[in-house]
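Here the structure comes first, spelled out in structure tokens, and everything after it is commentary.
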């Protein structure tokens with residue numbers, strides 16, 4: 003028996019490679035999300051824009067849920083995001 007590892011990707015079909023790639027990307031995104039959330043929890047917002055960034059993240063998480071995708075909630079989310087963008091633009095101008 004050889005001690006060299008077998009590269010499984012070389013033995014997978016195109017569909018299996020796509021599925022494997024998607025799983026790897028999902029794992030990477032999950033790890034990145036976890037790091038971001040740890041950063042949010044470990045740092046205190048010093049300015050309104052910092053706090054807004056955290057709020058936008060939470061709103062985007064809610065928007066991904068079934069409840070967030072209901073027509074009523076989706077409309078509210080779009081409205082709030084638009085207001086936040088407008089307020090941020092006004093603050094950037096000053």
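In our numbering, the protein residues as written are 3 to 96.
A virtual CB, placed ideally from N, CA and C, is assigned to each residue, including glycine.
All values derive from a computational prediction rather than experimental measurement.
(1) Could you check whether the segment 34 to 45 touches the segment 64 to 71, counting it as contact only if at least three pairs of C-beta atoms, one from each stretch, sit closer than 8 Å?
(2) Give the straight-line distance between the Cα atoms of residue 7 and residue 82, rounded to the nearest whole angstrom.
(3) Assuming residue 86 and residue 60 are in contact, meaning their beta carbons sit under 8 Å apart, how far apart are those beta carbons, in whole angstroms?
(4) Measuring straight from C-alpha to C-alpha, what distance separates residue 9 and residue 55?
(5) How many angstroms separate the CA atom of residue 49 from the CA atom of residue 15?
(6) What runs of the beta strand (DSSP E), each 3 residues or longer, lie entirely inside the segment 15 to 60?
(7) For residue 8, which three-state DSSP category applies?
If we stick to the structure as given:
(1) no
(2) 52 Å
(3) In fact, because the Cβ distance is near 12 Å, the residues do not count as touching under 8 Å.
(4) 42 Å
(5) 51 Å
(6) none
(7) coil
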